[in-house]
Each structure stands twice: as structure tokens, then as C-alpha cells.
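Numbering (the UniProt record's numbering), first residue to last: 1 to 535. Where a beta carbon is used, it is the ideal one built from N, C-alpha and C, also for glycine.
Next up, the structure:
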């Protein structure tokens, strides 16, 4: 291919089809410069033009067909930025980079590089940014980054690495940002990032991580931002996080974490933003889940399709919280107490639902009313509407195979206003004794261990509400309690209505509210009954 040059400004020659001009250029520290730029992007070139001006500072060759460079770059000793992304390179050694001692930024993304050999970048002593995303790198030599003592940003996303070698980082004492996500890493190791004492941001997204060793982040004393986006973590890696005293931003989005537990973040005293979005397995947020987060300013818990319970004291003592996002979950009730300890909360940032287009489906006296109107009338007056107990549909597994005499442990949690009390009842109608299971007030998680007899399964009931399942016994006793002890009765809880429904029979029964129990009899074995109790 022959290149024809034309005068630019009466002096400088420019390769045909390329654009040569002075453009704004910013250093990695955002310092502004005017840089002499040659733009040869997207020209289907197979090699670099021979006579690029020697005083060129920025050379752009993105989206061409270049696979090797011999001597074309040797004269360009003033280059500060070189973009070779979206070409056909397979080796760094074939790029002819040895003379570029002033190079600050190098883009090698979307090539076909399979290996980084030892000392392959050793002459780039001024390099501060290296982008190698979307290659085929499966092997990196322990000394591959030797000589890059000034490197600040290293991007290795979307390659084929199966392990992270801490020896890579011994040559990178200045590194501040490491992005190594979307690699099929088999697992992190203890002290994996130990040499990176100045690291500020670490992205471990999309790596399939199921666990994190407790000492994986040892040495990262100045780490401020950490992303675990789209991994396989089933619990918050609290031990690994506890060694990060200066962490400010934590992303746990798209992980199969089932519950956020008390103390999960208790050692992150400087955390400012926490994201817990798009978690398909998240069921509940426990009391004290965010304790000791003295500087938390923004908390996102959104788009979690199974999240149906947040303990009323989950947000206690978050005095610095200004932004709380809670939309697109399966929350049936948000306790007024939940927000009472958030003095700095900016109400406009509290997003639960699209309140202007959402109408109430219960309780009966509010059916059809706009949520926005209900909130204005009740919360604005300092009170809250009474809400009947709602047991999460995800509190119990859909089925359990249990042999006679085998012990099992079940948990139950429910929301209500006033707060409910929990009781457990066997298929024969017997209440589980206090000695066998602790009865707890309020919307607390409740555990019970029982022995299942040959009659089959049993269910859980909370005050004013019920849970139903597959019943093998002939009868079930439904019990309820109107309100916690020493609390005045609610004027809205005035009657008890029991609705029983299955394909063979459906009926509604009303009982005096003070009876506090109803016996369901003549039940057919191995038949599913839906029971709804309204008090």
C-alpha cells in the first residue's frame, strides 16, 4: 500500500486519509495538554504509514488490519499515546515498542494476544495506563510487567486467565486501578494482591467466584473501591472485607446471596456506598445488617425479585445515610420504624414504588386508593396504617422429603402492623411448646427444630395471618394473637375471617375475634388447602 502525504499548515506532511491536527489530551491525572495527533482509525491499514511525523504525540490506529510492526515506530520517540486496539496482533513482542520511552497510554484491546512474556514491556518506563481487555490471554509470565514502575491503571478484563499470580504485581508499586474481571479464575488465593500497597480500585466482576479467602486482600490498606459484580457468592465475604479499613464503595450486585446478616459489614467504618441489586436469591435483610457503617451515604437494595422481608431495625443508627433506594423488590410492608433512625435521609431519594400509579390491594378499607395518597395521609401525620401479617412466600421450601423421626429446622418471618407474635402448630393441632421453640414477638426471624411424625408436615402461623401447605392430617388448628403484650388493641383488627379454598371445596367462616383459634376439620389426606386468615 502506498501513502501520499499532503501539507498541513504549510509544513507538516500527513498520510493520505489520516487526519493530522492538534487536539486536547489529558494525562491520567486529568492534566490538560495540546497534543499533535495523527488519526488513522478505521482505514483497513495492514501496516503503519512509514512517514508519520517524528514529533507526533498521539497516534491512533484503532480498527485496522495490522498484525506486526517492524521499524515504523522507532522514530516516534515523542509518542505519549498509542492506540493499536482492534487489530490482529498475537504477540506484544511483534509491536516494535522498544523505543517508546515517553509513552504514557497504550491501548491493545480486542486483539488476539494469547500470552504476555517476561520483560515484554520493559522499555516503557513512563507508561501509566495499559489496556488489554478482550484478548485471549491465558498466560502471563511472573516478570511480564517488569519495568512498569510508573503504571497506574491496568485493565485485563475479558481474557482467559484461570489464576492470579501475586508475582505479576511485584513490578507495579504505583498501581492504583486493577480491572481483571470476566476471566475464568478458578479461585482467589491468600495474599493475592499483597504487593499492591497503593491500589485504590479493584474490579473482580464476572469471575464465577463462589468464595473469597479471608486473607485474599491482605496488604490493600488504601483500597477504596471493590466490585464483586456478577459472581457466585452465597454470603457476604465478611472476613475478607474486614482487612480493608478504608473501603468506601462496595458492589455486590448480581450475586446469589440469600440474606444480609447482622455484622456482615461491621468492620467497614468508612464505607460510603453499598449496592445490593439484582440478587435473585436474596430473601431477607436481618436486624443490624448494616451496623457500624458510620459514614454510609448511599444504600441500594433494588430489583431483588424474592426480597420480601427487611427487619425494622436493619437500618438502625445509619445517621449519615442520605440516599436509600428500595424499588422493585417483593416487599409487602415497610415498617415505619425502618426509617425512624435515618435523620439525614433525603426523602426524594427514597424510591419504593412508582407511588403515583400504584394502588392498594389491601387492607379492605384502602383497596383502590393510590399509594401516594395513603402515604401522605398516614406517614405524614406521624402514624402508619395497620397491616395484617404477611408471611413471605419464600420463607419455606416448596417441598421437603423427611423421614419419620428425622429432625428438621424451619424459619419463619413476617411483617405486620402491629407486630405479630409467632406460633408453630403440628398437624394434630398441638402448639409447639415454649421449651421446644422460642416464641418471639414482632417481625423477627424464628427458628424451630421438630421431629416430623408419620402424619406428615406441619405449618407456621403468625398473629392474624397464616401459612398453608400440603396437609396429610385430618384437621389443623389455626391460632392468632391480636397484638403484642402491653400494647393497646388496634381499632382496625376487629373481626376474624377464615377463607378455605381448594379445587373440591371453598367456603368462608367468621368467628368471634376473642376466640383466637379456628379448627379446620374433615381435611382430605394429601390435599392442598389455601387458608387465608383476616383479623
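Same chain, Cβ closer than 6 Å to residue i, five either side skipped, listed in chain order
i: residue 316; result: 341
i: residue 249; result: 225, 273
i: residue 230; result: 205, 206, 254
i: residue 501; result: 530
i: residue 521; result: 475
i: residue 81; result: 58, 105
i: residue 155; result: 131, 133, 179
i: residue 242; result: 267
i: residue 108; result: 84, 132
i: residue 158; result: 133, 134, 182
i: residue 237; result: 212
i: residue 33; result: 25
Per DSSP, cross-strand counterpart(s) of residue i
i: residue 74; result: BP columns for residue 74 are empty, so no partner.
i: residue 26; result: 32
i: residue 259; result: 284
i: residue 179; result: 155, 203
i: residue 107; result: 83, 131
i: residue 476; result: 520
i: residue 249; result: 225, 273
i: residue 149; result: None, per the DSSP bridge assignment.
i: residue 359; result: 370
Sequence-distant residues of the same chain with beta carbon closer than 8 Å to residue i, five excluded per side
i: residue 166; result: 189, 191, 192, 193, 194, 195
i: residue 112; result: 88, 89, 90, 135, 136
i: residue 219; result: 191, 193, 194, 195, 196, 197
i: residue 125; result: 101, 147, 148, 149, 150
i: residue 152; result: 28, 128, 129, 174, 175, 176, 177
i: residue 488; result: Its pLDDT being 47, under 50, residue 488 is placed unreliably by the model, and nothing is read from it.
i: residue 121; result: 92, 97, 127, 130, 144, 145, 146, 147, 148
i: residue 256; result: 232, 233, 234, 279, 280, 281
i: residue 45; result: 1, 61, 64, 65, 66
i: residue 208; result: 184, 185, 231, 232
i: residue 70; result: 96
Where residue i falls: helix, strand or coil (DSSP)
i: residue 424; result: strand
i: residue 509; result: strand
i: residue 218; result: coil
i: residue 545; result: For the chain, the structure presents residues 1 to 535; residue 545 sits outside this window and is missing.
i: residue 339; result: helix
i: residue 533; result: strand
i: residue 239; result: helix
i: residue 461; result: Because the pLDDT at residue 461 is just 42, under 50, the model does not fix this residue reliably, and the value given afterwards should be weighed accordingly. Strand at residue 461.
i: residue 169; result: helix
i: residue 365; result: helix
i: residue 50; result: coil
i: residue 21; result: strand
i: residue 93; result: helix
i: residue 295; result: coil
i: residue 373; result: helix
i: residue 59; result: strand
i: residue 116; result: strand
i: residue 407; result: strand
i: residue 501; result: strand
i: residue 189; result: coil
i: residue 346; result: coil
i: residue 164; result: coil
i: residue 402; result: coil
i: residue 69; result: coil
i: residue 140; result: strand
i: residue 525; result: coil
Close beta carbons around residue i, own chain, < 7 Å, minus the five adjacent residues each side
i: residue 168; result: 140, 142, 144, 145
i: residue 369; result: 359, 360
i: residue 21; result: 37
i: residue 287; result: 262, 311, 313, 314
i: residue 214; result: 239, 240
i: residue 454; result: In this prediction, residue 454 scores a pLDDT of 32, lower than 50, which makes its location untrustworthy; the coordinate-derived value is nonetheless stated afterwards. So the qualifying residues of the chain are 404.
i: residue 39; result: 18, 19, 60
Test: residue i CB closer than 8 Å to a CB of chain B
i: residue 333; result: In the displayed structure, chain B is absent; only one protein chain is listed.
Original post:
Would you call the region 396-407 and the region 305-312 in contact, with 3 or more CB pairs under 8 Å?
Top reply: Under the three-pair Cβ rule at 8 Å, the region 396-407 does not count as touching the region 305-312.
**OP:** Say whether the region 49-59 touches the region 171-180, bearing in mind that this needs 3 or more beta-carbon pairs closer than 8 Å, one atom from each stretch.
**Re:** With a cut-off of 8 Å, the region 171-180 and the region 49-59 do not count as touching, because too few Cβ pairs lie within range.
**OP:** Would you check if the region 245-260 and the region 269-284 touch, i.e. whether three or more CB-CB distances between them fall below 8 Å?
**Re:** Under the Cβ criterion (8 Å, minimum of three pairs), the region 269-284 counts as touching the region 245-260.
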